[in-house]
Amino acid sequence: MLTFKNFNIADWFSFYRIAAAPFLLLVLWLGEREVFTWLLLASYCTDAIDGFLARKLKITSARGSQLDSFGDQITFAVAIIGLLVYEFDFMKEHSFYIILVFVPYIFQMFIAFIKYRKATAFHTYLAKLSAIAQSIFILWLLFFGPIHWLFYVMITLGLLETIEEIALIFMYDNWVAGVKGIYWALRDKRRLKKHTKTN
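For the sequence shown, our numbering gives the first residue as 1124, with consecutive numbering after it.
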């Protein structure tokens, strides 16, 4: 039976991001931009902490990967809502590039749910790099204003990361967590076992 006792310290940091989302939306509704940005910064920090703890303490798990991914997704959604509220002109001006990344991302989520009945949790190196660029850009934009070159770096990494995620979905018949990238997937025994059985 799954109880709260089964969750480890890394899982609780992921829970923080999920639980913080309603408070972020409340602060957003109250129009407290600075408070919203600091709380968003805290959420992004927990994303770095839970992954570090899971690896350092060797407590990684499929459940933890799912929690981490869900925390990431809900934090990203709240961040986008915040940008639409506080930086609408910037979002409108750069809507083409935002849609360029957003459409493949929705497609990736769609095929993942069709195939696995849940979101992916590959946590590739490219995904981590994209998340870092994304969090830095969003926070800097909310605190100080846009850095345009970083925006295009974020867009490029986001597009490449989504394309890689789609490729990995087609490479793995069953849901797996913790795939560093396509190069590592080609040598992953979890994927190779499936092919060995069918030969």
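Glycine is no exception: its CB is placed at the ideal position from the N, C-alpha and C atoms.
Next item on the list: Decide yes or no for the touch test of the region 1256-1265 against the region 1232-1245: beta carbon pairs closer than 8 Å, at least 3 of them.
Entry: No, the region 1256-1265 does not touch the region 1232-1245.
Margin query: From the DSSP secondary-structure annotation, give me the bridge partner or partners of A1300.
Written below: To locate residue 1300, count along the sequence shown from 1; it is residue 177. BP columns for A1300 point to A1244.
Item checked: Any alpha helix (DSSP H) of 4 or more consecutive residues that is wholly inside the region 1246-1289 -> Inside the region 1246-1289, DSSP marks whole alpha helix (DSSP H) runs of 4 or more residues at positions 1248-1266, from first to last along the chain.
Notebook entry, point to check: From which residue to which residue does the alpha helix (DSSP H) around Y1139 run?
Noted result: Translated into positions along the sequence shown, residue 1139 becomes position 16. 1132-1153 is the extent of the alpha helix (DSSP H) around Y1139.
Next item on the list: Grab me the residues of V1276's own chain with a C-beta within less than 7 Å of its C-beta, minus the 5 sequence neighbours each way, in chain order.
Entry: As a working note, residue 1276 is residue 153 in the sequence shown. Once the five neighbours on either side are set aside, the close Cβ partners of V1276 are A1256.
Margin query: What does the Cβ neighbour count give for Y1295, buried or exposed, with the cut at 16 atoms within 10 Å?
Written below: Working through the sequence shown from its first residue, we reach residue 1295 at position 172. It is buried - the Cβ of Y1295 has at least 16 other Cβ atoms within 10 Å.
Notebook entry, point to check: Can a CB atom of chain D be found closer than 8 Å to the CB of L1265?
Noted result: Of the chains in the structure shown, none is chain D; there is only one protein chain.
Check: Taking C-alpha atoms, which residue in L1148, Y1239, D1191, E1284 lies nearest to I1204?
Finding: Counting from 1 along the sequence shown, the entry for residue 1204 is found at position 81. Minimum Cα distance to I1204 is reached at L1148.
Margin query: So, for L1252: in the same chain, excluding its five sequence neighbours on each side, which residues have a beta-carbon less than 7 Å away from its beta-carbon?
Written below: As a working mapping, residue 1252 is identified with position 129 in the sequence shown. Only residues of its own chain outside the window of five on either side were considered, and among them L1280 have a CB closer than 7 Å to the CB of L1252, listed in chain order.
Margin query: Here's the rule: buried if 16 or more other CB atoms are within 10 angstroms of the residue's CB, otherwise exposed. What is R1140?
Written below: Your numbering for residue 1140 matches position 17 in the sequence shown. So R1140 counts as buried.
Next item on the list: Round the Cβ separation of S1166 and A1244 to the nearest angstrom and send it over; I've been treating them as touching at under 8 Å.
Entry: Position 43 of the sequence shown, counting from 1, holds the residue named residue 1166. Position 121 of the sequence shown, counting from 1, holds the residue named residue 1244. Actually they do not touch by this definition, with Cβ atoms about 18 Å apart.
Check: Nearest to T1250 by alpha carbon, out of L1283, D1173, P1145, G1154?
Finding: Here residue 1250 refers to the residue found at position 127 when the sequence shown is read from its first residue. Rather than Thr, the amino acid found at residue 1250 in this sequence is Ala. The candidate whose alpha carbon is nearest that of A1250 is L1283.
Notebook entry, point to check: Is A1142 near the ligand MG, with its Cβ less than 7 Å from a heavy atom?
Noted result: You won't find the ligand MG in this model; it holds no ligand whatsoever.
Notebook entry, point to check: Where does Y1239 fall in DSSP's three states?
Noted result: Position 116 of the sequence shown, counting from 1, holds the residue named residue 1239. Collapsing the DSSP output to three states places Y1239 in a helix.
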